[in-house]
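S.K.:
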Amino acid sequence: MKHQHRHLLAILLFAPDALYATAWLVMDVSARLGIWPRDWAWVDIYGFVASYPISAEVIFFAVVPFKLTALILMMARRKLAVPVLAISAILHFTDWMSLLGNPYYQASVDGILQILVEVTALTLLIRLRMA
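Okay, so the sequence shown: first residue is 949 according to my numbering, each after it adds one.
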């Protein structure tokens, strides 16, 4: 696979993941402020944020900026995208593990798929740097 194809594939894989995490951040903050319409979410977002431990929330609030920064760095073809994406994946995995067993979060498969996407994008970027 050519370099530009690997790079584009990494971006195409990771961009929806970064945007999905951003959507969750918007829902989370809006629910905490009491302004999110209850029928707009596919989960009980108010119950979810009430059950979410503050330690996990801090990690999640760090995940989204790392994901968006990684995406921007990937699009700009910066080498710094690799460590930023790696940190993002580690933080996301930690956040996801804290959600297991949460009665308001039933998307455990979704989390696995997101982590798989992050690792695949990271692998593609690493292979670009090694080739």
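Heads up, the beta-carbon is just placed ideally off N, CA and C, and yes, glycines get one too.
Could you say if the region 1041 to 1048 and the region 978 to 994 meet the contact criterion of at least three C-beta pairs nearer than 8 Å?
M.R.: The answer is no - the region 978 to 994 does not touch the region 1041 to 1048, with fewer than three Cβ pairs under 8 Å.
S.K.: Could you tell me whether the Cβ atoms of Leu1073 and Leu1016 are closer together than 9 Å?
M.R.: Taking the sequence shown and counting its residues from 1, the one referred to as residue 1073 is at position 125. Taking the sequence shown and counting its residues from 1, the one referred to as residue 1016 is at position 68. No, they are not a contact pair.
S.K.: Pick out whichever of Ile959, Leu961, Asp992 has its Cα sitting closest to the Cα of Met975.
M.R.: Within the sequence shown, the letter at position 27 stands for residue 975. The residue with the shortest Cα to Cα distance from Met975 is Asp992.
S.K.: In three-state DSSP terms, what is Ile1035?
M.R.: Numbered from 1 along the sequence shown, position 87 holds the residue referred to as residue 1035. Helix at Ile1035.
S.K.: Apart from the five residues just before and just after Leu1081, which ones in its own chain have a Cβ nearer than 7 Å to its Cβ?
M.R.: Outside the shown range of the chain (949 to 1079) lies residue 1081, about which nothing can therefore be said.
S.K.: With DSSP as the reference, label Ala963 as helix, strand or coil.
M.R.: Within the sequence shown, residue 963 is the residue found at index 15, counting from 1. Correct three-state label for Ala963: helix.
S.K.: Taking all protein chains shown into account, decide if Ala1079 is buried (16 or more other Cβ within 10 angstroms of its Cβ) or exposed.
M.R.: Translated into positions along the sequence shown, residue 1079 becomes position 131. Because Ala1079 carries a pLDDT of 46, less than 50, the predicted location of this residue cannot be relied on, and the following value inherits that uncertainty. Label assigned to Ala1079: exposed.
S.K.: Relative to the C-alpha of Trp1044, which residue among Ala1029, Leu1064, Lys1027, Val1030 is closest?
M.R.: For the purposes of this step, residue 1044 is taken as residue 96 along the sequence shown, with counting starting at 1. Checked all of Ala1029, Leu1064, Lys1027, Val1030; the closest Cα to Trp1044 is Leu1064.
S.K.: By the 10 Å Cβ neighbour count, where 16 or more other Cβ atoms means buried, how is Ala971 classified, buried or exposed?
M.R.: Against the sequence shown, residue 971 aligns to sequence position 23. Exposed is the call here.
S.K.: Identify which residue in Val977, Arg954, Ala969, Leu956 has its Cα closest to the Cα of Ile1002.
M.R.: Residue 1002 sits at position 54 when you count from the first residue of the sequence shown. Nearest of Val977, Arg954, Ala969, Leu956 to Ile1002, Cα basis: Val977.
S.K.: Please report how far the alpha carbon of Leu1019 lies from the alpha carbon of His953, in whole angstroms.
M.R.: Residue mapping note: residue 1019 aligns to position 71 of the sequence shown, counting from 1. Residue mapping note: residue 953 aligns to position 5 of the sequence shown, counting from 1. Their backbone Cα atoms lie some 16 Å apart in a straight line.
S.K.: Report the start-end ranges of each alpha helix (DSSP H) in the region 974 to 1024 that is 4 residues or longer and not cut off at the edges.
M.R.: For the region 974 to 1024, whole alpha helix (DSSP H) runs of length 4 or above, ordered along the chain, are 993 to 999, 1002 to 1023.
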